[in-house]
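Beneath this line is the structure, given in C-alpha cells, with notes to follow.
Protein chains: 6
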Amino acid sequence: MSLLKAAIIGGGHIADQNHIPALKKLSDQVKIVAVCGRDIDKTRLMADQHGIPGAFDDIENMFSEFDVDLVINCTPNNLHYDYTMQALKNGCHVLCEKPPAMTAAQAREMADLAKEKGKILAYNFQRRQTSEYLLLKKCQIEGQLGEVYHIKANYLRRRGIPGWGNFTNKTIQGGGALIDLGVHILDLALGMMDYKIPDKIAGNMYDFIGKTGGKGLKGQWDPVKFDVEDACFAYLTFPGNKSIALSCSFALNQKEEEIINLEVFGSKAGAVLNPFSLHTEVAGELADIKFPFLEETDVQLKNTTAFIDAISGKETNICLGEEGAVLQEIVEKIYLRAGL
Amino acid sequence: MSLLKAAIIGGGHIADQNHIPALKKLSDQVKIVAVCGRDIDKTRLMADQHGIPGAFDDIENMFSEFDVDLVINCTPNNLHYDYTMQALKNGCHVLCEKPPAMTAAQAREMADLAKEKGKILAYNFQRRQTSEYLLLKKCQIEGQLGEVYHIKANYLRRRGIPGWGNFTNKTIQGGGALIDLGVHILDLALGMMDYKIPDKIAGNMYDFIGKTGGKGLKGQWDPVKFDVEDACFAYLTFPGNKSIALSCSFALNQKEEEIINLEVFGSKAGAVLNPFSLHTEVAGELADIKFPFLEETDVQLKNTTAFIDAISGKETNICLGEEGAVLQEIVEKIYLRAGL
Amino acid sequence: MSLLKAAIIGGGHIADQNHIPALKKLSDQVKIVAVCGRDIDKTRLMADQHGIPGAFDDIENMFSEFDVDLVINCTPNNLHYDYTMQALKNGCHVLCEKPPAMTAAQAREMADLAKEKGKILAYNFQRRQTSEYLLLKKCQIEGQLGEVYHIKANYLRRRGIPGWGNFTNKTIQGGGALIDLGVHILDLALGMMDYKIPDKIAGNMYDFIGKTGGKGLKGQWDPVKFDVEDACFAYLTFPGNKSIALSCSFALNQKEEEIINLEVFGSKAGAVLNPFSLHTEVAGELADIKFPFLEETDVQLKNTTAFIDAISGKETNICLGEEGAVLQEIVEKIYLRAGL
Amino acid sequence: MSLLKAAIIGGGHIADQNHIPALKKLSDQVKIVAVCGRDIDKTRLMADQHGIPGAFDDIENMFSEFDVDLVINCTPNNLHYDYTMQALKNGCHVLCEKPPAMTAAQAREMADLAKEKGKILAYNFQRRQTSEYLLLKKCQIEGQLGEVYHIKANYLRRRGIPGWGNFTNKTIQGGGALIDLGVHILDLALGMMDYKIPDKIAGNMYDFIGKTGGKGLKGQWDPVKFDVEDACFAYLTFPGNKSIALSCSFALNQKEEEIINLEVFGSKAGAVLNPFSLHTEVAGELADIKFPFLEETDVQLKNTTAFIDAISGKETNICLGEEGAVLQEIVEKIYLRAGL
Amino acid sequence: MSLLKAAIIGGGHIADQNHIPALKKLSDQVKIVAVCGRDIDKTRLMADQHGIPGAFDDIENMFSEFDVDLVINCTPNNLHYDYTMQALKNGCHVLCEKPPAMTAAQAREMADLAKEKGKILAYNFQRRQTSEYLLLKKCQIEGQLGEVYHIKANYLRRRGIPGWGNFTNKTIQGGGALIDLGVHILDLALGMMDYKIPDKIAGNMYDFIGKTGGKGLKGQWDPVKFDVEDACFAYLTFPGNKSIALSCSFALNQKEEEIINLEVFGSKAGAVLNPFSLHTEVAGELADIKFPFLEETDVQLKNTTAFIDAISGKETNICLGEEGAVLQEIVEKIYLRAGL
Amino acid sequence: MSLLKAAIIGGGHIADQNHIPALKKLSDQVKIVAVCGRDIDKTRLMADQHGIPGAFDDIENMFSEFDVDLVINCTPNNLHYDYTMQALKNGCHVLCEKPPAMTAAQAREMADLAKEKGKILAYNFQRRQTSEYLLLKKCQIEGQLGEVYHIKANYLRRRGIPGWGNFTNKTIQGGGALIDLGVHILDLALGMMDYKIPDKIAGNMYDFIGKTGGKGLKGQWDPVKFDVEDACFAYLTFPGNKSIALSCSFALNQKEEEIINLEVFGSKAGAVLNPFSLHTEVAGELADIKFPFLEETDVQLKNTTAFIDAISGKETNICLGEEGAVLQEIVEKIYLRAGL
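Residue numbers (the numbering used here), protein chains in the order written: chain A, 3 to 342; chain C, 3 to 342; chain X, 3 to 342; chain F, 3 to 342; chain E, 3 to 342; chain V, 3 to 342.
The structure is reproduced here in C-alpha cells:
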C-alpha cells in the first residue's frame, strides 16, 4: 500500500510535540509532506528539524504544490473552521484539534461537508485513548455497569490559568475553562450516554479569581486582560432521564491542584475513572474492584492511529464530525444560558 | 423566672433519644409536662421512664388538661402540618422535626400562623450546630471566604436505605432521599446563600437500586414496596449568579459508605465542611488551613437551647418558620421538575 | 415443637463463656438441663449462675437423672473420646470441642458410633462461620476461583505460648501448636479441597523457643515443663495434584504478633481470607476485589445454630464426625512423620 | 600482574548488559579477548561495540586463535554443560550462568572436571551479593540468629511469564518457574543451611494459568506452546531436622506483582530478607530491628569480582561447582517427584 | 507480717483517683487508717466512700488518734514542706507529691530530717515506672547506649494551661510550666546522668500566651490572673561534659497537642522514649530497633509498690529525698536565672 | 551598562558547580574574566571548560593582568580572610564562602575594610534564598508571628562526617559540625532575631563517634585523624529575653539521616521551616496552615543575584560584612565556652 500524504496546519507547540512525533511513529502508513504556519521562518525551521519537505504560510499554495491525503489542523480555536473547511474542500481527511469550532453552526457545517465529500473529519479528543477510559467503556459494553444514569464530570484546576498563549482571550479562544478544559471531560461523559443533545441545560459561570489575580500555578496571568470564565458549572438532563453534572475551572479555591475525573453511576455498578475502580456487588457482598496494573499509554499515538484506521475504513473510537457537532452545540448552549 | 412547660407530640425513637434528653439537660429553664403518642400504652411507659406527668393519645385532651408553653413535634412527616398548626392555635411555640411539611403551601401556612400568633416556629435542622458549620459561618461573616458563589452539597449513602420505619413509603414520608437526607445539607447550603428561592431548578431522580434490591448497610429493605427516589441530583441557580449542586442518595454505587459534606467556593477562599478546611492564600502563597482540635458537640442540645433562647427573644441561628417555608418550596419544586 | 434438652460436660471457661451463652440465645429451640464438671462445687456455682437445674460430677448420674437430647463436650483433649462415646451410647447428639480426639482410631470409632446410633456428632470448628470463610466458600461454589490447587494455611504466633492451662503438656493435650491451633486452619483448608486424606505428608516440628523460654505475649510459660512442639510446618499432597502448606506455631521469631490466614490459589482467582480479597481478572485486566463491609459475626452462635439445625435434619456446614475422623488421621500422620 | 584473558560464550542480552560491562569495570585485572555466538554477524557487531578483538561462531576456533584464561558461559540452559566442559578441557576457569545444567549428572561431571583440572567453576547466582543477603549471613555468623531451623523461600510472580525468549520451552530451558526463578532463592536458602542434599523432598507443580492464557505483565505468552510449570511448591527436609518451604511461580493469582524473599526462622531471631529486618529480643523485650540505610549494590560486578578473586585464590562467597552440583540434584529431584 | 498503717494528707482528686486506689490494691501489705483534708465534710465523705476509718481536718489530731506508719502527702505545692516535716517528726515514712517543695532549702531540710529519723522520704515521680523508662534504664545499665552525653527533655503543650485549680497562681504553685510539668521530664533526664547538680545553667521563661489568652485545650484560663511562666527553656551543663536541654510549656505555638519525650544521645546508641526506639549499629550497619509489644503499666501502683518496698528495705528505683533535694535546687536555680 | 568583571579565587568543586554556573546565568550583567587556583594546570583546565580568559595561581598576578570588579572567594576556611582582604584592597566587591573567617577579629577587620573601601562584602549563606525562609520572613514582617521569642535551630546528621576534603581537620576548617553546618542554620535563626550578639552563651561539644569510627553515610572518615567536634549543642540568650537553642552534628545516634530545620515560636504563631507550616489561631480556633505549592528554587543563583543587586545599590537580603562579623563572634564564643 502506498503511504498516505499528510500536511500539518499550524506550526505551534502541539504540532511539534504531539502530532508530528505521532505521525512519524506511523511511518509505515503515513508520510508528512508539508507544514503550513503563520510565520514562514519558524515553519521552515520546524519542517527542517523534522525532515518535512514543504513549508508554507499559505494553505492554498501548499495544496497546489503538494498532493495531500490528510490534514492535521493545529491552529487556534478561531481558525479551526476555516482551515478544516478548506482542507475538506481540497479533498483531504482532517484531524482537527479540539474544540471543533467557535459555534455550533460551524461544527454542523464541517460535519456536513465531510459527509458530502466522503472524507473522515475527526477531532483530537485523545483522552478517549487512556487505558482507564477504554476499560470503562469495556465494562459498560460487557454490561457490568448496568444502566448508566448519572455522571459527575470534573476538570478542575485550583490555580491553573495558563500564563502563556491566548487562553484568557475570548475572541481567539471562544471562552475559558469550558471550551479549553471542560470539553475534554464532557466528551468522555457524552461517550458513556450515547452522545445526545440534552433536553435541558442549566449552569453558571464565574470570573472572580481570573479578574482579581493571585498566585498562579501555571505561570502568572494578567487579570486585566482576563475576559473568559474561570469556572463553569453545568447540569445536563438527557432524554430517558439521564444526567451529567459538569464542573470545570481554570481557578477555584479547592484543595487539589487538579482534578480530572468521571464518576459514573450505573444500576449495577459505579465507576471512578482516575484511578479506575468499580463499586458493585460480588457474590452478594458489596465489593470494590481495583486494577493495579493498568498501563499508561501514548494517547496521541493511539488517537492518530485511530484516525488513520478510520480513513482505511476500520471501526474506531475516535470522535467524528457528527459527535463534534453535538458537542459544540452543547457547549454553545451552556455559554448562552450560563455565561457571564 | 418560672419554667417553660413543654409537651412532646410523637412517642417514637427520636423523642426518646434526642428531644427528651436535651430538654432534661435544660431543666433550669424547661419542664416536660406531657407526651402525646399514637399508642397510649407505649406513651405512658415512656412518660413514666422519663418522669413526665401527662401521657395522652389525643392532643386536644392534652392541651385541655395541661398548660403548655412549647411543643416538640416528632411525628411522621405527613403529620407535621396538622400537629404544628394545632399547637400554634393553642398558643404554643413549636420545634418541629424536619422536613417542615409535605407541601410548600403547608409550610407557608405554618409560618404565617406562627407570625400571626407571635410564636416561635422552628425546625430541628440540628446540623447547623456542629462546630464545623459554626466555624464555616464565622469565616464567612469575618469575610475570609469573600463572596460565596458555588456550593456542592452532598448527602450520599452507598446502600443506606433504612430497613425499618416508613422511609420508603411516599405517602407517609412525602419522598425518599431528598426529603429525608437532602434537606439537611440543603438547609446548610441555603444558610450560606441568604436562604432564597432559586431562579431556576434542574434535576433528576432515580430508583434503580431501590426497586431492584441488593445488599443493605442499614438493614434490608423490601424492593417491592419501594416507591420513593433512591437518589436525587439537583442544580439550583439563585438571583445574583449563585448556584448550588445538590446530590443525595439512599443508595448509589459509590465507594464511600456515606458522604455528608459541603464544598463551598468563595472568591477569597474555599472551604470543605468535613473535616473542616480552608483553601486560600496566606502571605501571597496558596495555603491550606486545618483545625485539628474542633470539638464534637451535642448538636441536639445546642439546637434545643437555641429554640429556648429564641422563645426568650434572643438572636439564634435556628431554622425559623420563614426559612422552613423557603426550603419546602424548593423541595417541592425539585420533586415537580425532577421527580420520578 | 418441644425444646431440645441439652447437657454440658466440662465446667471450664469455654463452657461458661462460649457454649452456654450461645445455647441461651437459642432458648426457643433448646434448654440446658444439666452441667457436669470435675469439681462439684464450681459446677454447682456455674449451674446456679446460668439457671441450669442439674449439676453433677458424674456423667452417668446425670444421664440417669435427666433426659438429655444433646451434649456439649467441653472437656480437655484427652477426655473428648470417653465422654463423647458415653454420650452417644446414651442416645445423645454431641457437639464436641476440637480437636476430635487424641488418636485417629478414637475419632474413627466416634464417627462410626454416631452413624450406628443415628445421631449427630459434630466438632466445634467455629471459624467456619466467619463472614470471610462463608464468602470464600460461596466464591468457590459460584465458580469464581476456578479449580483450587494450592493453599497456604497459617496459624502463627510470635510468642503466644499460653501461660495458663495445659497447653504445653503433651499427655493432656496430645501435642502443641498443631493440635491446638493448626487444626483450626487445617479444617478450613481441607474444606476447600473436598476433605480428603493426603497421598503424601512431609513436615517438621520444633521446640527451640518453648524449651528455652523468653518474653511471652500470653503470659509466661515454664520452659522446663514444655514438652510439645512450639512450631510445626507440614506439606500435604492430595489425590488429583492438590496441595496444602501448613504452618502453625505457639512461638516463632516472626514480625507479626499473630497470623491466622488462608491463601487460596485457584485457576481463575486467588483469595486471601483475612482481610478477604480476590485476585483475578475483570474485563480482561488484572483486578483486586475488596469487600469493605463484611460483618463480624458471633461464630459460636452460628456454629451452635448449625448443630441444632443438623439435629433437625437440615443441611449445614458444620464439621461432622466423618470429617473429624479425616482431620484426626491427618494430624496423627503429621505427628508420626514430623514429630519431635 | 598480567591481565587475565576472558572469553564470552553466548552473544545474547545477558552478555551484553551484565557480564561484559562488569568485566570492563575490572579492566585492571581482566581483558576480554573474544566472544563466541551462534550468529556470527550479530557476534561481530557486539564485539565491535565493546572493542573486543575476536568474534567467533565456533568455540574451538576461538580457543585455537586466542589464549583464554577464563570463560563466561551465557548460553541457553541446554548448552551450559557442553560449553562449560569444553572450556574446562581447554584449561579455562568458567563462570557459568544459572542453572548449572539440565541434569544432576551433568552438574556432577562439571564439578568433577573442574576439580580434576584445578580450575574455578562458578555459577552466576548474583543475588548472593545483595547488601541484604550479605547482612543476613553476617548476622548468622555472628550468632545473632541462633540455630536456623526453617526457611520460607519465595520467588512468586503474579503474571510474569516472559513473553520473549525460550522460557516456556521445556526442551531448551529444562523447566519453568523452578529452574528459571526458584533456583535463585533456593540457592540463598541452601546457603543458610550448609548446602546439603535433603533427606526428603515433597512438592507439586501446576500449569493452569500458563496453559489457559490471560493478561501478562511481562508481555503476552502463547498458552498453546506453554509446556513448563507455571508454579512449583516444594518442601525439603534436611538432616538434623531443618526444613525449607520453597514456592516459585511464573503465574499465580496472588496480590503482589512479584515476591522475592526469604523468611528465616532461628532459635534466637528471625529475619526477613527484603526489606531486611530482624525479629528477636533486646534487653528482655521483643524487638524488631530495621536497617534504613542498606545500599543497593551492583550485584553482577560484585559476583564477577568474586569470580576473579576466587581464581587468584581468595576466599569468596561465590557459588562453586560443588554447590552447583548439590543444587542441580535437588532441582532434578523436585522435578521427578513433583513434576507435571 | 502486720499491715502498714497509712494516712492520706490532702483530700483532693489525686488522693481519690491515684493514691487511695493504689494503696487498696496493696491491701495485703498496707491499710489506710485515716485521711486529713481542709474541708472536713468532703474529707469525711471521701473516707466513707473508701471505707477509711478516720477523717480529720487537723493533722495533729490525726496523729494523736491513729497510729500511722506512712503518710501520702497530696497537698498543694506550697504545703508539701510543712506536712512532710510534720509527718517525719511523727515518725512516719512519707510519699510526697511532686514537686518536692517551694525552695531548695525546704527540700534539703526534708531530706536531712528523713535521714535523721531513719525514715523513707520519697517523691511521686511515677513516670519512672513506665515500661519505656524502665527499658531505657535497662539498656543504659546493659551498656547498649555507651556513654550518655546529651539529652533533650521535652514536656510541651500547645494550649494546655489548666482551666481549673491553682496552676496559674505563683503563690500556691511556686511557678508554672517548669514546676508543674518540667520537673517530671527533668527527673527522668537526671536519672540518666547520675542525678547531679549542674555546673552551669542557662535559660529563659515566657508568658506571652498566658497573659494574652486564646483558645484553650484544657478549659479556658483567665489571662488576667496568669502570673507564672507559660514556657521555659533551659540548658544544663554537668560535670564531665554532659548536658541536658530542657523545654517545657503550658502553651506554645507548636503543631503537636502535647509532646512528652526524652531524646537520649549516647556514644553507642541513641534512644527515644516515646515510642521507645534505639538508634545504633547492628552487625556493622546502622539500625533502628523498635519494641512493638511494650505494655502500658499502672505507674501509680508501681510507684506506690516501690515506696512500700523501700520501707521494707528493698532496693527500688523510687525518687528519694536526696534526689528530690537535687531536683529542687536545679529548679530553683532555673527560676533565679531564667525567670520572668 | 557595561558588564561587571568577575574573578573566581579557589578552583574547587564549589566554584565549578555552584558559583561559575550562577554567574554564567547572569551573563547580561557580569562576565567572568579570570580564575585563580592553587594548581595552575587544573585551574587552566577549568578556565578553558568555562571559557574564562585568565587562569592564575597567584592572585596579585591576576589583579595586575585583569581589571576586576568583583571576586568570588571559594577557598578553604583558613584562607577566607587573606584573599578577601587582598581583594578588597584591590578595590573589588567580594562574595566570600561561609564561614566568614577563622576568628572574630578577622571577620571584624574584613567588615571594616569593606566599609572603608565602600565595597560590598557578602557571605554565601544561600539558604536564606529558599522559598521557605523567604516566606517565614514575610510572615514575620507582616506580623503574623507576633513577637518571636524562642527558636530551635537544628542541623543534625546521623552519620554524615564527610569522607573527603578537610572537614575533620581543625587547622584548615577551624572546627567541625558547628563551623561547617551549624553556621547555616544559626545564620537563619539570627536573621529572625535582629542579628545581635547574645548576652549569654552556654553549650557543649562532643567527639565520641568521630573518634571511634563506625558506619558512614557520606563515605568513611578516618577516626584517627578526626580532631573536630562531631556534635555541638549551644544555648544563646539575647537582649530582650529572646533565645536560640542550636544543635548541630556531623554524627549523632538519632533516627533521621539528616534534620535541617528551624522551629520558631512567636506570640501569635509558631512556624516550622521544613516543610513550612504555621501553627496559630484562625477565626478563634487553633489552626495549622500548610503551603502545598512552594517552589524549589536555585538558591545559589538567587544569592549571586542578590550580591550583584547589592553592588548596584539595591536593598537585598544577602548576608553582609557586619552580619558576618556578628556570626563569627558568636561562633568563636561557642568554641571558647563549649569546645572540646
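Ideal Cβ positions, reconstructed from N, Cα and C, are used throughout, including at glycine.
Per the DSSP secondary-structure output, S249 of chain X pairs in a beta bridge with X:N156, X:F235.
Between D232 of chain E and D209 of chain E, the gap from beta carbon to beta carbon is short of 9 Å.
Distance from the CA atom of L136 of chain F to the CA atom of L238 of chain F, rounded to whole angstroms, is 24 Å. In this chain, the alpha helix (DSSP H) harbouring S66 of chain C covers 61 to 67. For F295 of chain F, the chain E residues whose C-beta falls within less than 8 Å of its own C-beta are E287, L288, listed in chain order. Not one beta carbon of chain F lies nearer than 9 Å to the beta carbon of N171 of chain X.
Non-local beta-carbon contacts of G177 of chain C in its own chain, meaning distances under 7 Å to residues more than five positions away in sequence, involve V230, E231, Y337 in chain order. Closest option to S4 of chain X, judged by alpha-carbon separation, among X:Q31, X:L25, X:E99: X:Q31. L288 of chain C sits in a strand when the DSSP states are folded into three classes. Chain V has a Cβ within less than 9 Å of the Cβ of V284 of chain C. Distance from the CA atom of E265 of chain E to the CA atom of M64 of chain V, rounded to whole angstroms, is 53 Å.
Shortest Cα-Cα distance from G14 of chain F to any of F:M48, F:S29, F:K26, F:G162 involves F:M48. With its beta carbon at least 9 Å from every one in chain A, Q131 of chain X lies outside the interface. From the listed residues F:E260, F:P241, F:V274, the smallest Cα separation to Q256 of chain X is found for F:V274.
With the rule of 3 Cβ pairs closer than 8 Å, the region 277 to 284 of chain F counts as touching the region 292 to 301 of chain F. In the DSSP annotation of this structure, V230 of chain E is not part of any beta strand (DSSP E), being labelled neither H nor E.
In terms of beta-carbon proximity, G93 of chain V stays away from the interface with chain E, with every pair separated by 9 Å or more. Using a Cβ-Cβ distance cut-off of 8 Å, the region 213 to 224 of chain E and the region 180 to 195 of chain E are not in contact, since fewer than three pairs of beta carbons, one from each stretch, lie closer than that value. Shown here for L303 of chain V: same chain residues with a beta carbon closer than 7 Å to its own, the five before and five after excluded, namely A24, K27 in chain order. For M207 of chain V, the uninterrupted beta strand (DSSP E) run begins and ends at 202 to 208, by DSSP.
Assignment of S314 of chain A by DSSP, reduced to helix, strand and coil, places it in the coil class. Closest in alpha carbon position to A113 of chain C, among C:K7, C:S245, C:V96, is C:V96. Partner residues in a beta bridge of N80 of chain E, as assigned by DSSP, do not exist.
Taking CB atoms only, E149 of chain F has a neighbour in chain X less than 9 Å away.
Taking D71 of chain E as the centre and dropping the five residues before and after it, the same chain places the C-beta of L6, K7 closer than 6 Å to its C-beta, in chain order.
By the rule that beta-carbons nearer than 9 Å mark a contact, E298 of chain A does not touch chain X.
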